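Quick notes on the structure that follows.
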Amino acid sequence: TRSFSLAVIPGDGIGPEVVSEALRVLDETARIHGFSFTQTPYELGAERYLETGEVLTDETLAEIRGHDVILLGAIGGRPGDPRIPAGLLERNLLLRLRFELDHYVNLRPTKTYPGVATPLRDPGEVDFVVVREGTEGPYTGNGGRLRAGTRHEVATEVSLNTAYGVERVVRDAFRRAQSRRKKLTLVHKTNVLVHAGGLWSRVVDEVAPEFPDVTVDYLHVDAATIFMTTDPARFDVIVTDNLFGDIITDLAGAISGGIGLAASGNVNPDGTAPSMFEPVHGSAPDIAGQGKADPTAAIGSVALMLDHLGLPEAAAAIDAAIMADITERTGPRTTKEVGEAIAARVAGDVAGA
Ligand code: NAD
Ligand code: IPM
Ligand code: MN
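If you count the sequence shown from 1, you need to add 1 to reach UniProt numbering.
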């Protein structure tokens, strides 16, 4: 039987709640589909920091790196908590993992589900994937504050874009488009951010001839938000920078029926370090501890993980179970009820086949 090692970082807020359900579904899927895995839990996040002052040590990072894959819930305290400096956990834990493990493809698929309430009146058949660059852009911490706290303060946040970094993610996006509906949309803001935008456009133009049957188009990010709400079915693969990708994938989650449905993978396509799978949403302090977080995004992230590990049938079984569960949702259910229902469908799926 196939076997793999999994590092689990439940994290903060609803993170542990949704990860329990994701693991429940993973267990069931392993049982039915005949693979096995070992798991190592890592207690990282706000609580760990408040107790020990530690966020992520080099030793822990090295240990995590030794696993085949990582499952993460969510990282981040309650916004405005005075005990935790802004961005400390996000930067030194979550982004550090993405950067050090070279997760340059942040894969964020979006679908609409028949019968599921979406804020759009008639979204049509939506099925697109955002390939968000994961290691560069304005996320590198390249900036600073001069004369902080004075009326003459100057704050900069520099977006870092390298030809190497842009080319590898663009090429990955073309490959994905090639194996899907063969349409790639570059989303940027080339009319204002002319330096970074120029690089992204040039790279897309240069790589395009290698994929002659992929149609390429371009949207400014502001216009992309219009089409994402008026005609989301037009998209197949979107490639974009780290910050634009962050913003448009929360929007994508909302149009598909809620951020609690949006799964993601931080992928290292070269296999030089473990990839990490996590819901798009955060720790949701407003609903944490109430058992009402939707675990579907975390469960969908497990499907992305299994696909990445070369277990596409097991992944498809989870996706089918999610689809069946979602389309039959009626009243509100607890986090655990949703997890149990999807796990049961994974089991039934095969028994009935
Ligand atoms: P959020 O995604 O945590 O919450 C936004 C809204 O969506 C909230 O109303 C929340 O209740 C709702 N929501 C989120 N997930 C849900 C789910 N599974 N089911 C039902 N409702 C859900 O974003 P935020 O409030 O901006 O951030 C809260 C904290 O999470 C911050 O510290 C932020 O930095 C962090 N964060 C972490 C990640 C991550 O770990 N990848 C992602 C986003 C935000
Ligand atoms: C996400 C989150 C993170 C991001 C934050 C918490 C650093 O919003 O995973 O979408 O911006 O990438
Ligand atoms: Mn985000």
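The C-beta atom is built at its ideal place from N, Cα and C for all residues, glycine as well.
Just so it is clear, the structure is predicted and the values come from calculations on it, not from any experiment.
- Of all residues, those with a beta-carbon under 5 Å from at least one heavy atom of ligand 2 are E91 and D247, reported in chain order.
- In the DSSP assignment, D59 falls within the unbroken alpha helix (DSSP H) covering D59 to R66.
- Between the C-alpha atoms of A348 and I33 there is a straight-line separation of about 6 Å.
- With a threshold of 7 Å, the Cβ atom of S284 counts as near ligand 1, since some heavy atom of the ligand is closer than that.
- The DSSP-derived three-state label of Y219 is strand.
- From the listed residues A174, D218, V167 and D28, the smallest Cα separation to H196 is found for V167.
- DSSP places V159 outside any alpha helix (DSSP H), giving it a letter other than H or E.
- Per DSSP, reduced to three states, the secondary structure at H189 is strand.
- V70 places its beta carbon 8 Å or farther from that of A294.
- Ranked by Cα distance from A315, the first of F36, S6 and T231 is F36.
- Under the three-state reduction of DSSP output, F236 falls in the coil class, being neither helix nor strand.
- A distance criterion of 7 Å places the beta-carbon of D287 beyond contact range of ligand 3, judged by its closest non-hydrogen atom.
- Distances from the CB of D242 to the heavy atoms of ligand 3 are all 7 Å or more.
- CA-CA distance, V170 to L220, rounds to 18 Å.
- Distance from the C-beta of P80 to the nearest heavy atom of ligand 1 is below 7 Å.
- Close CB contacts of V56 within its chain, under the 7 Å cut and outside five residues either way in sequence, are with Y50, L89, L90, N93 and L94 (chain order).
- A distance below 6 Å between beta-carbons, with the five flanking residues on each side excluded, links V117 to the following residues of its chain, in chain order: G258 and I327.
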